[in-house]
Structure formats: structure tokens, C-alpha cells
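Residue numbers (my numbering): 17 to 568.
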């Protein structure tokens, strides 16, 4: 049963000050409470979605008869609309459980920092029932994840049916998680998995009367000699299939994570904060599209490979970005996704060592991920680049990424990922934030903008221009953007920082609040709201200070 829990700041019997008037510490305590509750509900498999909403000052009332253009006004709104701050969509077994969660939400700390008496949250720790998957040792899990795409590639090559083979391989992986910890790993794990998956596929064909012709073919295959594909790695071919041009990134990413990354449907669904059934349908539709394309299981022709490789790299980098800076949810980062993207990029780089853009995307991931240990405090709070403890950065990843990008640039086939990696290397090589070579970074962003025309690159160029030539230069670049990024929260966040640097605290506060209202990542939202509150407190303090006494 699904319930939507609407969260109001204030109500019929409450007198709650707007969050803009809260102290920064109260805001922090409130958001940490919400994040902890979201994490608890996620672990129990009950959270479908959770979002914070903008205040009524950003809302609009739209009227239309369906034919004439919409008329947009400032109101009126229902009373609850004036107070609505966010919502949670939960999937629970009973209405009583939904009421229990609502009681937990209502115990959030308020403007005075003192929460209401907490509701009973049920059993904790080991007593609490949680959805569980198959448990394996770290070694077995890592090996299976590494072998999964090789097994799937071999089975697809042998039988020619992607969707059926993918299901059979998943069953073989589940069998391995049960058998190997108890009986020990076989001498040839790859061959074991291929045999089990092939056997499951043959059993499926034999049990399906509508596929009698395939049954005969499967029987003839079962008489074949040793599997000729068991010694080859078809991961790259599989990745090209998962990034088929007919698939959007929203379909290609889950399919790649499932088929090549070895993640279960539940793990992929959890990563993107959607129900498992929804993700299963998305993956199923993606597999159907690949099957309908009737593409042979082979690398694309030389004419198609360059464009298809761009799709592969794009999907891998989208996976990395979602892991490094999650678009939604309670955590700033998902290390499982960023780590999986790096592993897959290493596989592509090993298969195509002479492709400089492949090397560039791997270098970019390594150089970016090297800063991850310093991006958050112990409590998970976001730490901006200017305040990070650079002694926490992973120097081995920086050395590896720098060597990779330098080697790629020497091939003189410069691409966008190489340029981005070069920018990341300049950041990572700076011992202190003040030592950053912003002039070189600005020139690289100008080159990247000419290569891609991407408005997000223009946004980054605005930051570099401000650091190299002052906030006025950065604000001028922002004005060039116009509405190319729409109402994206990062535009408001960058403008807020530049206005703060320029000494315009009032407009900076407005922009910080606008950015916070538009981001769906709770860690980012907390950072932006706290910035606005702290700046407002400092501005109020400065206004109250008496003028200095002139000494005679």
C-alpha cells in the first residue's frame, strides 16, 4: 500500500517560524534528522521517494481551459499550500505503519532545536525486519561481479538471445553465491558459471513447448565440444550492446549496471530510488529494444564504432557522476556506483588502449574520485573544494590519473574527456586552493566550450573567470548563459557564491535559498540552506554593529 505523507512547517495547532528565520544549527539538526529517517526507511525497503519543496514565494497558480494559453498568477492557494515543505512517498503493508512513520516525521527538531517527544520507531538493530538479498563474502561477491559480463558475453555469443541469456546468467550467479562459500570456489570459476547458465538456458527451452525448434537446437549445442567462448572476454561487445543508439541514457545506464556491472535489479533500483518493479520494467523494455534491433553479437563496424564508443563513454561517465554527486536522496555520493564506473572504464581502457578518449575518461574519473575522502565531514556534511583538507586526497589515484591524461594528450587527438581530465589534474596538483592555476583552467574551459557547446561547461567557465579575474567577470559569463540551463539549481548556487564574493549579501541569500529549493540532494540542500542562514546572520550582525568611535 502506498501513502503520501505531506510535511507542513506549521499547522492548525502549531506556531512554526519559517525556516529562513531559523538559526543555522537548528536547520542542520532538522535536516540531519530528515536524512537519518530517510536512511532508516530505505533500509526497511519502505521509501519510494522523498523531496523538499520550495516555499510559497516561488509557487504559481495556473488557470487554463485546455485551449487558451495558461494564465499564471500569484494565488490564491489552499491553506496547506502556504505551509507545505515537502513530502514522502512510502510503500508499507498497513495504514498503521504509515501513521507510525508520520509520527516519526512530526518529531523533527524545530526552530527552537527541541523536537517533540519521539514516536515509537519499532524494533531497532538486529530486531528490525529489513529486506535482504543474497549474502556473500567480499571475495566471492567481487569475483562474481568481475566475471558476470564475461559469462553473459559467452552465453549470448553461443545462444544468441540476450534477454534469455541474461536471466540464465543471473540464476547461475545466485547458484554460485550459495554453492561457493560452502563448497569452495571451483578451479575454473568462469567455466563453471558458463556451464550452469547454459544448462539453465537449455532447461528453459526444453520446458517451453512454444520454443520446440530452439529445443532441438539447444540439444545439438549440448553435444558440442568444450565451449570455445569460455576463454575470451566479450565485456566490450556487451557494453556496446547495452549502449545501443536506440536506448536513452535512462535505459542504457540500468541495463549496463545489470548486464555488465553485475548488479541485481534491486541494487539498481535502490541506486536510482525507484521501486524494484519499476526498474525491472525499465530493464526489460531496454532488453526488448536491443533484441528488436537484431544486432549481431559483435563489435560495431569501424564506421559505427566511433559514435557508439561515444555512447559507451557517456553512459560510463553518467554512472560515475551519479555515484560521485548523487542527484537525489539522503547521501551526497554513492561509492558503489562511482566504483563500478571506474571498474568498467578500466575494462574498456584495457580493451582499447590506443583510444585517447577512453584513457581520458578513466583519468577524469580517477582524478575526481581522488578528492572524495575530503568532500564530506564525519557527519556527511558537504565540504566545498576551497575548504577541503587536501592531505586526505588519494595521491596514488592522482598520480595514476595524471600519467594517463598526459599519455593520452601526447597522441594529439584531443577530446572533451581529456580536457576535463587536464582540468581535474590542475586542481589535484595544487597543494593549496590559493595555488590553483585558474588562468590555465579558464583557458581549458574556453577550449572545452568550443568543443562541446555544453551550457554546463559555460557555468564552470563562469567560476574559473571569477577566480582568475574577479566576481564581476564570472557574473558577466553567467549573463551569457541566458536561459540555456533553465532554472537549474547549480545556476543559482554559482550566482550566489559570486554575489557573496562581490559583497552583495542580500541577493546572495536569495540565490542560495533558490538553489536549495531546487536541488533534490538533501546534503546539497542542507549546505545551501545553511549558507543562506549563516550569511543572513552575519549581515544582521553587521547592521547592528555601532560605527567605530573616532579617537582624537
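Quick reminder that beta carbons are idealized off the backbone N, C-alpha and C, glycines included. Quick caveat: nothing in here was measured; it's all calculated off a predicted structure.
Using only CA atoms, which one of the options lies nearest to residue i?
{"i": "residue 200", "options": "207, 192, 433", "result": "192"}
{"i": "residue 545", "options": "555, 554, 556, 530", "result": "530"}
{"i": "residue 255", "options": "301, 319, 407, 178", "result": "178"}
{"i": "residue 157", "options": "53, 196, 203", "result": "196"}
{"i": "residue 162", "options": "54, 414, 275, 115", "result": "275"}
{"i": "residue 189", "options": "172, 173, 208", "result": "208"}
{"i": "residue 485", "options": "498, 514, 509", "result": "514"}
{"i": "residue 413", "options": "445, 301, 203", "result": "445"}
{"i": "residue 205", "options": "319, 359, 160", "result": "160"}
{"i": "residue 102", "options": "423, 23, 483, 475", "result": "23"}
{"i": "residue 483", "options": "461, 365, 542", "result": "461"}
{"i": "residue 535", "options": "505, 555, 524, 476", "result": "505"}
{"i": "residue 363", "options": "257, 332, 353", "result": "332"}
{"i": "residue 540", "options": "397, 296, 420", "result": "397"}
{"i": "residue 285", "options": "477, 353, 219", "result": "353"}
{"i": "residue 455", "options": "479, 552, 473", "result": "479"}
{"i": "residue 394", "options": "381, 408, 338, 382", "result": "408"}
{"i": "residue 555", "options": "525, 111, 542, 537", "result": "525"}
{"i": "residue 183", "options": "260, 309, 280", "result": "280"}
{"i": "residue 323", "options": "257, 338, 269, 283", "result": "257"}
{"i": "residue 380", "options": "427, 340, 406", "result": "340"}
{"i": "residue 423", "options": "369, 465, 467, 391", "result": "369"}
{"i": "residue 291", "options": "548, 64, 434", "result": "64"}
{"i": "residue 416", "options": "300, 501, 382, 428", "result": "382"}
{"i": "residue 109", "options": "49, 19, 121", "result": "19"}
{"i": "residue 471", "options": "537, 406, 496, 119", "result": "496"}
{"i": "residue 21", "options": "58, 53, 121", "result": "121"}
{"i": "residue 334", "options": "269, 318, 430", "result": "269"}
{"i": "residue 500", "options": "552, 219, 51, 473", "result": "473"}
{"i": "residue 220", "options": "259, 175, 493, 260", "result": "175"}
{"i": "residue 465", "options": "436, 488, 492", "result": "436"}
{"i": "residue 118", "options": "50, 294, 282", "result": "50"}
{"i": "residue 351", "options": "475, 498, 336, 361", "result": "336"}
How is the alpha helix (DSSP H) around residue i delimited, first residue to last?
{"i": "residue 339", "result": "318-340"}
{"i": "residue 490", "result": "487-497"}
{"i": "residue 443", "result": "432-444"}
{"i": "residue 417", "result": "411-425"}
{"i": "residue 258", "result": "251-258"}
{"i": "residue 178", "result": "178-199"}
{"i": "residue 461", "result": "454-468"}
{"i": "residue 372", "result": "372-385"}
{"i": "residue 262", "result": "Taken as a continuous stretch (DSSP letters only), residue 262 belongs to no alpha helix (DSSP H), as it is neither H nor E."}
{"i": "residue 355", "result": "351-367"}
{"i": "residue 293", "result": "292-309"}
{"i": "residue 512", "result": "505-517"}
Between residue i and residue j, which are expected to be in contact by the criterion C-beta below 8 Å, what is the C-beta distance as a whole number of angstroms?
{"i": "residue 187", "j": "residue 277", "result": "Actually they do not touch by this definition, with Cβ atoms about 18 Å apart."}
{"i": "residue 46", "j": "residue 123", "result": "Their Cβ separation, rounded to whole angstroms, is 11 Å, which puts residue 46 and residue 123 out of contact at 8 Å."}
{"i": "residue 273", "j": "residue 367", "result": "Going by Cβ atoms, the distance from residue 273 to residue 367 rounds to 19 Å, so no, they are not a contact pair."}
{"i": "residue 113", "j": "residue 66", "result": "Contact doesn't hold; Cβ gap of about 16 Å is too wide."}
{"i": "residue 313", "j": "residue 173", "result": "5 Å"}
{"i": "residue 271", "j": "residue 303", "result": "7 Å"}
{"i": "residue 463", "j": "residue 420", "result": "Their Cβ separation, rounded to whole angstroms, is 19 Å, which puts residue 463 and residue 420 out of contact at 8 Å."}
{"i": "residue 481", "j": "residue 490", "result": "5 Å"}
{"i": "residue 171", "j": "residue 217", "result": "7 Å"}
{"i": "residue 62", "j": "residue 107", "result": "6 Å"}
{"i": "residue 458", "j": "residue 428", "result": "Not quite, the Cβ-Cβ distance comes to about 23 Å (not below 8 Å), so this is no contact."}
According to DSSP, residue i sits in a beta bridge with which residue or residues?
{"i": "residue 398", "result": "392"}
{"i": "residue 107", "result": "18"}
{"i": "residue 63", "result": "106"}
State yes or no: is the C-beta of residue i nearer than 7 Å to some heavy atom of the ligand GTP?
{"i": "residue 295", "result": "This structure simply doesn't include the ligand GTP, nor any ligand for that matter."}
Kindly confirm or deny that the stretch 166-174 and the stretch 195-215 touch, where touching means at least three C-beta pairs closer than 8 Å. A contact between stretches requires three or more CB pairs, one per stretch, nearer than 8 Å, and the stretch 166-174 meets this requirement with the stretch 195-215.
Between the stretch 502-522 and the stretch 356-376, can you find at least three pairs of beta-carbon atoms closer than 8 Å? A contact is defined here as three or more CB-CB pairs under 8 Å, and the stretch 356-376 fails this definition with respect to the stretch 502-522.
Assess contact between the stretch 317-328 and the stretch 254-273, defined as three or more Cβ pairs (one per stretch) separated by less than 8 Å. Is contact present? Touching, yes.
With contact counted as at least three CB pairs below 8 Å, one residue from each stretch, are the stretch 438-452 and the stretch 386-404 in contact? Proximity of the stretch 438-452 to the stretch 386-404 meets the contact definition, three or more beta-carbon pairs being nearer than 8 Å.
Are the stretch 394-407 and the stretch 445-453 touching by the rule of at least three beta carbon pairs closer than 8 Å? The way I'd put it, the stretch 394-407 does touch the stretch 445-453; three or more beta-carbon pairs between them come closer than 8 Å.
Three or more beta-carbon pairs under 8 Å between the stretch 496-515 and the stretch 530-544, yes or no? In short, these stretches touch, since the Cβ pair count reaches three.
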